[in-house]
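There are 2 protein chains.
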Amino acid sequence: MPTIKDVAREAGLAVGTVSRVLNNRGYISDSARKKVKEAMERLDYQPNEMARSLQKKTTSTIGVIVPHIEHPYFSTLISFLEKESHKHGQKIYLLNSMGITDKESEFLELCRRNQVSGIILCNGNIDFSETALGEIPIINIERKKEGGHACISCDNEMGGRLAAEHLIEQGCRNLLHINGITENEIPAIDREKGFVCACESAGISYRVIKKQLYGYQLKNADDFMISLLEKYPETDGIFTSDDILAAKLIQACYRKNIRIPDQLKIIGFDDTPFAMWTTPPLTTIHQPIQKIAEQALQMLADYHNNRQIPANVVLPVSLTVRETT
Amino acid sequence: MPTIKDVAREAGLAVGTVSRVLNNRGYISDSARKKVKEAMERLDYQPNEMARSLQKKTTSTIGVIVPHIEHPYFSTLISFLEKESHKHGQKIYLLNSMGITDKESEFLELCRRNQVSGIILCNGNIDFSETALGEIPIINIERKKEGGHACISCDNEMGGRLAAEHLIEQGCRNLLHINGITENEIPAIDREKGFVCACESAGISYRVIKKQLYGYQLKNADDFMISLLEKYPETDGIFTSDDILAAKLIQACYRKNIRIPDQLKIIGFDDTPFAMWTTPPLTTIHQPIQKIAEQALQMLADYHNNRQIPANVVLPVSLTVRETT
Numbered sequence: 000m001p002t003i004k005d006v007a008r009e010a011g012l013a014v015g016t017v018s019r020v021l022n023n024r025g026y027i028s029d030s031a032r033k034k035v036k037e038a039m040e041r042l043d044y045q046p047n048e049m050a051r052s053l054q055k056k057t058t059s060t061i062g063v064i065v066p067h068i069e070h071p072y073f074s075t076l077i078s079f080l081e082k083e084s085h086k087h088g089q090k091i092y093l094l095n096s097m098g099i100t101d102k103e104s105e106f107l108e109l110c111r112r113n114q115v116s117g118i119i120l121c122n123g124n125i126d127f128s129e130t131a132l133g134e135i136p137i138i139n140i141e142r143k144k145e146g147g148h149a150c151i152s153c154d155n156e157m158g159g160r161l162a163a164e165h166l167i168e169q170g171c172r173n174l175l176h177i178n179g180i181t182e183n184e185i186p187a188i189d190r191e192k193g194f195v196c197a198c199e200s201a202g203i204s205y206r207v208i209k210k211q212l213y214g215y216q217l218k219n220a221d222d223f224m225i226s227l228l229e230k231y232p233e234t235d236g237i238f239t240s241d242d243i244l245a246a247k248l249i250q251a252c253y254r255k256n257i258r259i260p261d262q263l264k265i266i267g268f269d270d271t272p273f274a275m276w277t278t279p280p281l282t283t284i285h286q287p288i289q290k291i292a293e294q295a296l297q298m299l300a301d302y303h304n305n306r307q308i309p310a311n312v313v314l315p316v317s318l319t320v321r322e323t324t
Numbered sequence: 000m001p002t003i004k005d006v007a008r009e010a011g012l013a014v015g016t017v018s019r020v021l022n023n024r025g026y027i028s029d030s031a032r033k034k035v036k037e038a039m040e041r042l043d044y045q046p047n048e049m050a051r052s053l054q055k056k057t058t059s060t061i062g063v064i065v066p067h068i069e070h071p072y073f074s075t076l077i078s079f080l081e082k083e084s085h086k087h088g089q090k091i092y093l094l095n096s097m098g099i100t101d102k103e104s105e106f107l108e109l110c111r112r113n114q115v116s117g118i119i120l121c122n123g124n125i126d127f128s129e130t131a132l133g134e135i136p137i138i139n140i141e142r143k144k145e146g147g148h149a150c151i152s153c154d155n156e157m158g159g160r161l162a163a164e165h166l167i168e169q170g171c172r173n174l175l176h177i178n179g180i181t182e183n184e185i186p187a188i189d190r191e192k193g194f195v196c197a198c199e200s201a202g203i204s205y206r207v208i209k210k211q212l213y214g215y216q217l218k219n220a221d222d223f224m225i226s227l228l229e230k231y232p233e234t235d236g237i238f239t240s241d242d243i244l245a246a247k248l249i250q251a252c253y254r255k256n257i258r259i260p261d262q263l264k265i266i267g268f269d270d271t272p273f274a275m276w277t278t279p280p281l282t283t284i285h286q287p288i289q290k291i292a293e294q295a296l297q298m299l300a301d302y303h304n305n306r307q308i309p310a311n312v313v314l315p316v317s318l319t320v321r322e323t324t
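In the order they appear, the protein sequences are chains A and G. Going by numbering that gives the first Met the number 0, the letters in the first sequence line up with residues 0 to 324, in that order. Going by numbering that gives the first Met the number 0, the letters in the second sequence line up with residues 0 to 324, in that order.
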């Protein structure tokens, strides 16, 4: 395989000049650029990305650490992150921490050793003060971190408020919020806060049920959902903290012969394509997942261009009405 | 940051010996191994993966090229591939070709430039004869390729047969197969073949509807599904070529007030977690997605250990009965 030296010889130029052309750095005359390009074509020279990365001390790779891959929210987010990364000349390492802090720590170290150009950490639990990442920027998604680490989240409180207001507008008077999020320190907890605020402002009776349902497949959510429907038969509107919980609730209504939306109205949270596949199709709070991905990649690019990046970005959500309300 | 030379000096050994320890190559005495380990700890030396990769001429990274990320089949497959890759000391680049041949070609080239240790190409359309990948092994998933390129698929024909046999056993006498796969050269087409064989063996009336539904979100599948139900009212059992098509069919039945499974039985194909979230929960053909991922990573490891790898692996499927039959 031809090397950069062969290209330099073929082009009749110094190796340093060829290197400047390849890295698009410093002054290069148009004629030198043309000579290098022609020499590369004649020799079928293709630069070795690894050798170039070693020289640049960074790769064109971003580490994306997620707690799940199959959950529709994360597969949608990963899909947009992958797409956006190419627009910025980057590719992604996909790393699944399964929400385990030790795994997050292991993957941050893996990213450091492989000199990624940035890290996007989704729903991370790790305490950064104990990690030494040097100059590698980290963008947190849906986790606020101390010490000025950048964070992007959706407006969770607004989402909870929109959900409650929509149910009230549709005539519901006994609301329930099923909250699968039981950690207190994360932005998603504000979904409950927004819901409660809206109910109290309107003077509507409400209840909040917190329940850690282990494993997002929610295999054991069936009995729990049925017991809720039995315990609170007066309920006429339910807001769940994500779309999969809503899907499990729809199944429970089917088993109890409760008609949706006539007898009970349901609204979820996320609005991935999944919400279009339930029966009936799900009314839900739309998260701007594409915008979150765009913002994350833009912030990493800005960091490398020495532009200031905001410590905290909160993106607005909206209501998508389908057939469960 | 300390370098390998510092470690050698600290350990009182030659750089070559330290390198042999780091790469676990050639003869190394226990005492030398111990000295290197201690010196590394004292200096807090962490090897630079990129420099090591450059020397080894390959990375510990596998390129995973998929046509979708959000489709439940692919997100499940990606999740298992990511998990299995770590067991083999590998990590993955995730690349979404969107099923576009030019993108596959671009990503194969990206993998080559970055000297991946292997490529897993899912549902690839590209003709390999025009790509120069050198020594990089490719494992194809659900695409048989000429020229001895390794392929893993599930037993699609068996799946189609199991689906038809189950519907017949449940008393269905007018079967329909909705086939969203319209390319002829791919293994999944055998789902139809198995279905047709089983119907003909049993002497049962059947119909096959081929329909390319663009975009897996199937936004415009609604009218199509309703028109099918209206056109063939005698139908009492339907097999769809994937679970999302089945979910859209369930929605159409809901709109037409057709009771599942009393009036119509439905069976899908894939059995990702998604099949547990429809209402009613979906009977489907289970693809061994975890086994496909394990097999792919094992084949890449075998290739690098100079073991022979099979050109074609077909893994058995099974029937998962839920509530649509």
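We put the CB at the ideal spot given by N, CA and C, even for glycine. A quick note: this is a predicted structure, and the numbers were derived from the prediction, not measured.
{"Asked": "Boundaries of the beta strand (DSSP E) in which Ser-317 (chain G) is found, first to last residue", "Found": "317-319"}
{"Asked": "Burial state of Lys-34 (chain A), where buried means 16 or more other Cβ atoms lie within 10 Å", "Found": "buried"}
{"Asked": "Proximity test, Cβ basis, 8 Å: Tyr-92 (chain G) and chain A", "Found": "yes"}
{"Asked": "At least 3 beta-carbon pairs within less than 8 Å: the segment 190-199 of chain G vs the segment 162-180 of chain G", "Found": "yes"}
{"Asked": "According to DSSP, residues forming a beta bridge with Leu-120 (chain A)", "Found": "A:Ile-64, A:Asn-139"}
{"Asked": "C-alpha gap between Leu-318 (chain G) and Pro-287 (chain A), whole angstroms", "Found": "38 Å"}
{"Asked": "Extent of the continuous beta strand (DSSP E) run through Asp-242 (chain A)", "Found": "Taken as a continuous stretch (DSSP letters only), Asp-242 (chain A) belongs to no beta strand (DSSP E), being part of the alpha helix (DSSP H) at 242-254."}
{"Asked": "Contacts of Tyr-205 (chain A) in chain G (Cβ-Cβ under 7 Å)", "Found": "Neighbours of Tyr-205 (chain A) on chain G: none; closest Cβ ~25 Å, over 7 Å."}
{"Asked": "Rounded C-alpha distance that separates Ser-226 (chain A) from His-85 (chain A)", "Found": "47 Å"}
{"Asked": "Contacts around Ile-27 (chain G), its chain only, beta-carbon distance under 8 Å, and the 5 residues preceding and following it disregarded", "Found": "Thr-16, Arg-19, Val-20"}
{"Asked": "Tyr-72 (chain A), enclosing alpha helix (DSSP H) - first and last residue", "Found": "71-86"}
{"Asked": "Coarse secondary structure for Lys-144 (chain G), derived from DSSP in three states", "Found": "coil"}
{"Asked": "Residue environment, Pro-272 (chain A), which counts as buried when at least 16 other CB atoms sit within 10 Å", "Found": "buried"}
{"Asked": "Whole-number beta carbon distance between Cys-150 (chain G) and Asp-76 (chain G), since they are thought to touch under 8 Å", "Found": "In the sequence as presented, Asp is not what sits at residue 76 (chain G); that position holds Leu. With 8 Å as the limit, Leu-76 (chain G) and Cys-150 (chain G) do not qualify as a contact, their Cβ atoms being about 15 Å apart."}
{"Asked": "His-303 (chain A), buried or exposed, once every other Cβ within 10 Å from all chains shown has been counted against 16", "Found": "exposed"}
{"Asked": "Distance between beta carbons of Ser-152 (chain A) and Val-313 (chain A), contact taken as under 8 Å", "Found": "6 Å"}
{"Asked": "Segment contact flag, the segment 124-143 of chain G with the segment 105-115 of chain G, C-beta cutoff 8 Å, min 3 pairs", "Found": "yes"}
{"Asked": "Chain-ordered neighbours of Ser-78 (chain A) on chain B, where CB pairs are closer than 7 Å", "Found": "Protein chains A and G are contained in the structure displayed, whereas chain B is not."}
{"Asked": "Interface flag, Lys-82 (chain A) vs chain G, CB-CB below 8 Å", "Found": "yes"}
{"Asked": "One or two residues paired with Ser-204 (chain A) in a DSSP bridge", "Found": "A:Asn-173"}
{"Asked": "Reduced DSSP category for Asn-178 (chain G) - H, G, I as helix; E, B as strand; rest coil", "Found": "strand"}
{"Asked": "Three CB pairs or more closer than 8 Å across the segment 224-238 of chain G and the segment 253-265 of chain G", "Found": "yes"}
{"Asked": "Continuous beta strand (DSSP E) stretch holding Phe-223 (chain G): start and end", "Found": "Premise fails: Phe-223 (chain G) lies in the alpha helix (DSSP H), 220-230, not in any beta strand (DSSP E)."}
{"Asked": "Neighbour list for Tyr-253 (chain A) in chain G, Cβ cutoff strictly below 7 Å", "Found": "Thr-278, Pro-279"}
{"Asked": "Residue from G:Leu-161, G:Gly-133, G:Ile-119, G:Gly-159 with nearest C-alpha to Glu-141 (chain G)", "Found": "G:Ile-119"}
{"Asked": "Distance between beta carbons of Ile-266 (chain G) and Ala-162 (chain G), contact taken as under 8 Å", "Found": "5 Å"}
{"Asked": "Chain G residues whose Cβ lies nearer than 7 Å to that of Thr-75 (chain A)", "Found": "Glu-69"}
{"Asked": "Gly-159 (chain A): first and last residue of the uninterrupted alpha helix (DSSP H) it sits in", "Found": "155-168"}
{"Asked": "Chain A residues whose Cβ lies nearer than 7 Å to that of Ala-246 (chain G)", "Found": "Trp-276"}
{"Asked": "Proximity winner among G:Lys-82, G:Asn-155, G:Ile-64, relative to Gly-117 (chain G) (alpha-carbon distances)", "Found": "G:Ile-64"}
{"Asked": "Buried versus exposed call for Gln-307 (chain A) [16 or more other C-beta atoms within 10 Å across all chains shown]", "Found": "exposed"}
{"Asked": "Classification of Gln-250 (chain A) by the beta-carbon crowding that lies within 10 angstroms, buried from 16 upward", "Found": "buried"}
{"Asked": "Within chain A, partners of Trp-109 (chain G) - CB distance below 7 Å", "Found": "Per the sequence shown, the amino acid found at residue 109 (chain G) is Leu instead of Trp. The contacting residues are Lys-90."}
{"Asked": "Chain A within 8 Å of Gln-307 (chain G), Cβ atoms only", "Found": "no"}
{"Asked": "Within chain A, the residues that Ile-249 (chain G) reaches when beta carbons sit closer than 8 Å", "Found": "Thr-278"}
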